[in-house]
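**Q** Numbering (UniProt numbering), first residue to last: 1 to 326.
#1: Go ahead and pull the three-state DSSP assignment for residue 196.
#2: Residues in its own chain within less than 8 Å of residue 49 by CB, not counting five upstream and five downstream?
#3: Assess, as a yes-or-no matter, whether the stretch 201 to 219 is touched by the stretch 176 to 186 under the definition of 3 or more beta carbon pairs within less than 8 Å.
#4: To the nearest angstrom, report how far apart residue 87 and residue 75 are at their CA atoms.
#5: Taking the beta strand (DSSP E) that residue 278 falls in, what are its first and last residues?
#6: Give me whichever residues DSSP pairs with residue 45 in a beta bridge.
#7: Please tell me whether residue 227 and residue 192 are closer than 7 Å, where the distance is taken between their beta carbons.
#8: Quickly, what does DSSP pair residue 178 with across the bridge? List them, please.
#9: Check for me: the beta strand (DSSP E) holding residue 202 runs from which residue to which?
#10: On the CB-based measure, 16 or more other CB atoms within 10 Å of its CB, does residue 202 come out buried or exposed?
#11: What residues in its chain sit with their C-beta under 7 Å from that of residue 240, if we drop five residues either side in the sequence?
#12: From 270, 255, 222, 257, pick the residue whose C-alpha is nearest to that of residue 248; which is it?
#13: Decide if residue 254 is buried, meaning its Cβ has at least 16 other Cβ atoms within 10 Å, or exposed.
#14: When the Cα atoms are used, what is the spatial distance from residue 268 to residue 290?
#15: Would you give the residue range spanned by the beta strand (DSSP E) that residue 240 belongs to?
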């Protein structure tokens with residue numbers, strides 16, 4: 001509230017009061033009048049300034065305390081908490097500090113003894129030789145029921161088949177088919193011979209063609225091709241038709257498959273004579289890998305027959321007399 005009326009304690013202009021009581025009353029009245037003139041806004045601004053001053057002082061004191069705490073912690077915890085331990089010991093609080101776990105003593109280093117080097121030996125030059133072993137092949141034996149084969153030949157028109165069986169288990173079946181001509185003394189013919197060494201093993205099948213007259217060529221070759229076809233079908237030979245066609249054309253051939261061999265060749269002479277032969281290809285027993293490796297001809301050079309060569313062995317066989325003198 002603003003007062004417009006003059007206060008009763010206002011000093012008149014140009015007048016001085018020497019009475020101290022009156023002066024005090026006048027100063028007090030002046031202060032009240034000033035506060036009444038500025039009002040509550042001045043009071044509010046004064047309170048805000050005081051609060052800001054207090055907040056700044058509190059922030060400054062807090063920052064100083066944090067910095068001091070950090071410095072103190074650094075000093076106490078440095079050198080593995082040595083200063084902290086000394087301070088705690090001086091104050092009698094060393095029992096409150098955590099005890100560090102005892103560091104185990106390092107195990108003694110044990111040096112491993114070096115392994116002795118393996119003994120060295122001189123090996124022959126052929127120890128690691130690349131062995132050239134023969135190629136292994138699948139061998140298929142010619143197996144069939146001999147009686148069924150002979151019955152098949154009879155069914156093909158070769159009626160006069162003679163069956164023979166030996167005590168040793170061998171057997172054979174043969175037939176001679178002549179192609180006679182009236183008034184001719186010596187005619188063409190074919191001869192069929194089947195041999196076996198077991199109850200179901202055929203060792204050879206042969207058809208011999210004797211063409212005494214050129215007019216009998218077709219009849220003889222057709223009969224021989226028929227007999228060969230019966231055999232090839234019985235033993236399940238592949239491409240049997242092409243084989244029979246070559247026989248009819250009197251074309252020579254020599255085929256080998258899985259250890260079996262069939263061939264058709266002409267005999268030497270003026271009279272045309274041919275042989276169709278089917279059998280197991282002759283084979284020698286191949287050497288094993290051990291036999292190839294330990295071949296005496298490669299490893300043991302022959303000596304000179306002297307007693308020194310026999311006693312000292314292969315080491316003396318290739319030595320010259322000059323080396324012996326040294």
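Glycine residues also receive a C-beta, built at the ideal position from the N, C-alpha and C atoms. This structure is a prediction, so every number in the text was calculated from the model and none was measured.
**A** Taking the coordinates as given:
#1: strand
#2: none
#3: yes
#4: 11 Å
#5: 273 to 280
#6: DSSP output for residue 45 lists no bridge partner at all.
#7: yes
#8: 189
#9: 201 to 210
#10: buried
#11: 229, 232, 233
#12: 222
#13: exposed
#14: 45 Å
#15: From DSSP, residue 240 is part of no beta strand (DSSP E) but of the alpha helix (DSSP H) over 240 to 248.
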